[in-house]
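Residue numbers (the working numbering): 55 to 491.
Virtual Cβ for every residue (Gly too), placed ideally from N, Cα, C.
Notes to accompany the following structure.
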Ligand code: GLC
């Protein structure tokens with residue numbers, strides 16, 4: 055009816071074009087409204103994506119957790135970027151995106167040594183107002199350090215890490231307690247043809263070497279102070295000399311100068327060495343089908359000439375929210391899920407990572423399943439921290455260069471450590487963080 059009237063067939067009727075225009079306008083309006091409604095619905099249905107950068111091993115270990123989070127949260131999705139393996143390379147990747155201004159990440163899984171620098175640069179969101187009172191209270195004491203800087207909480211650890219000594223239970227009744235004992239046992243076993251090497255460790259010029267060194271520095275009575283000082287000391291020379299002597303005496307292969315964690319693990323796993331320095335994750339690998347030492351490995355703390363208990367370098371990986379995140383609330387939600395009890399339990403059970411939560415160390419069923427837990431907890435009580443200094447990456451670089459020259463026999467330990475001490479001092483002074491003297 056209406057259309058007949060509107061489309062009236064009377065020739066010359068001047069209502070016709072106007073009616074057509076009206077129809078057109080109504081149609082257009084309706085179409086637009088529908089399109090907007092459709093688009094809006096589609097938009098509302100699209101989940102918020104929280105982007106997270108992690109080193110490759112953690113991207114693998116958390117894949118299952120991320121998948122189930124994404125299944126359970128319809129409006130929220132975690133997208134993980136699988137970063138490189140080594141801590142420095144992951145940090146370089148994160149920093150290059152942060153320097154460009156608009157980082158593609160909402161969350162970073164950070165090594166404990168990055169926090170001071172990232173916080174000072176203003177790259178991180180303080181978490182205090184998001185996580186309620188005392189968010190670190192459920193953590194064992196050794197896992198709390200390195201997250202609060204200048205009174206703000208910047209990071210929540212997902213796993214703890216501490217330097218450990220792995221030893222062969224089939225070759226000795228008890229592990230050595232001192233560096234001298236480690237050398238003596240190694241030489242005996244090598245003489246007897248039981249092992250090719252005594253001790254394998256991380257001697258490559260990278261962060262792992264600083265971790266190895268810190269344990270020995272403490273073991274010879276020194277310390278790498280939180281100020282960054284302590285490298286130009288007699289204890290530092292003793293520690294560097296000891297590491298060099300291991301190679302000179304053939305207790306460690308000259309190739310340790312190129313060993314990071316995986317190479318040391320490979321050698322120990324193949325049954326080549328009596329002792330290995332590594333982190334907790336190595337235990338699980340050593341029990342695997344490719345290991346020739348499964349069931350023949352004990353774990354204890356590093357040897358020390360002085361100081362009881364010996365020091366274990368504190369590692370640990372934790373989550374921080376980037377200040378530039380467009381979804382801070384959702385990022386915090388993801389942070390809580392991945393650092394929470396269920397997540398940490400799975401990371402212990404499946405991957406052998408160390409938890410940070412007291413509740414998990416105190417869980418008898420979990421301890422029965424993972425008898426290493428009390429050893430890890432014990433080691434966490436005497437962790438040695440690397441300096442919590444915004445210039446840490448440079449301090450560590452100075453140390454690694456000098457140590458590397460010692461390990462390869464290019465420089466005398468005393469001279470190298472004097473240089474490391476002086477280099478650190480200059481750096482600290484230039485950044486206004488030197489000591490007052
Ligand atoms: C481990 C530690 C980390 C350390 C790194 C060195 O990942 O958790 O703190 O910097 O090893 O290789």
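Counting only unbroken stretches of 4 or more residues, the alpha helix (DSSP H) elements lying wholly within the segment 397-451 are 412-415, 418-423 and 427-434, in sequence order. Annotated three-state conformation of residue 255 is coil, per DSSP. The DSSP assignment places complete alpha helix (DSSP H) segments of no fewer than 4 residues inside the segment 276-337 at 288-302 and 315-323, in order along the chain. In the pairwise beta carbon analysis, the segment 223-238 is classified as not touching the segment 199-207: fewer than three pairs are separated by under 8 Å. A Cβ-Cβ contact shorter than 8 Å links residue 438 with residue 368. The set of residues whose C-beta lies within less than 7 Å of a heavy atom of the ligand GLC reads, in chain order, 140, 141, 165, 166, 167, 215, 256, 260, 261, 262, 265, 314, 315, 333, 369, 370 and 371. The beta carbon of residue 142 sits closer than 7 Å to the beta carbons of 260 and 261 from its chain, once the five residues preceding and following it are set aside; these are given in chain order.
Under the DSSP assignment, residue 172 falls in the alpha helix (DSSP H) whose first and last residues are 169-174. For the segment 356-403, the full-length alpha helix (DSSP H) segments reaching 4 residues or more read 382-393 along the chain.
With a contact defined as Cβ atoms closer than 8 Å, residue 459 and residue 208 miss out at about 35 Å. For the set 441, 476, 115 and 364, the Cα lying nearest the Cα of residue 432 is the one of 364. Between residue 461 and residue 305, the CB-CB gap reaches or exceeds 8 Å. Just so you know, the alpha carbons of residue 309 and residue 408 end up roughly 29 Å apart. About 5 Å separates the beta carbon of residue 385 from that of residue 104, a gap short enough to meet the 8 Å contact definition. Relative to residue 183, the option among 477, 263 and 383 whose CA is nearest is 383.
The C-beta separation of residue 444 from residue 227 comes to about 47 Å, leaving the pair out of contact by the 8 Å criterion. Residue 467 sits in a helix when the DSSP states are folded into three classes.
Residue 417 and residue 455 have their alpha carbons spaced roughly 43 Å apart. In this structure, the CA atom of residue 477 is about 50 Å from the CA atom of residue 419. Across the structure, residue 132 and residue 107 are spaced so that their CA atoms are roughly 10 Å apart. Its Cα nearest to that of residue 435, the residue 362 stands out among 235, 448, 362 and 275.
Going by DSSP, residue 111 is part of no beta strand (DSSP E) but of the alpha helix (DSSP H) stretching over 110-115. Runs of alpha helix (DSSP H) with 4 or more residues, each lying fully within the segment 124-177, are found at 141-153 and 169-174, listed in chain order.
Counting only runs that start and end inside the segment 172-251, the alpha helix (DSSP H) elements of at least 4 residues fall at 182-185, 195-198 and 233-245. The segment 250-259 makes contact with the segment 319-329: 3 or more CB pairs, one atom from each, lie closer than 8 Å. Under the criterion of beta carbons closer than 8 Å, residue 395 and residue 233 do not qualify as touching, at roughly 39 Å.
For residue 486, the secondary structure class from DSSP, reduced to helix, strand or coil, is coil. A residue is called buried when at least 16 other Cβ atoms come within 10 angstroms of its Cβ; residue 187 does not meet this threshold and is exposed.
Boundaries of the alpha helix (DSSP H) around residue 262: 261-273. Note: residue 107 is bridge-paired with 135 and 162 in the DSSP secondary-structure output.
Between residue 326 and residue 245, the C-beta spacing is not below 8 Å.
Taking 8 Å as the cut-off, the Cβ atoms of residue 440 and residue 296 do not count as close.
By the Cβ neighbour-count rule, residue 165 is buried, with 16 or more other Cβ atoms within 10 Å of its own. Taking the C-beta atoms as reference points, residue 338 is found nearer than 8 Å to residue 406. A Cβ-Cβ separation of about 5 Å places residue 371 in contact with residue 163 under the 8 Å criterion.
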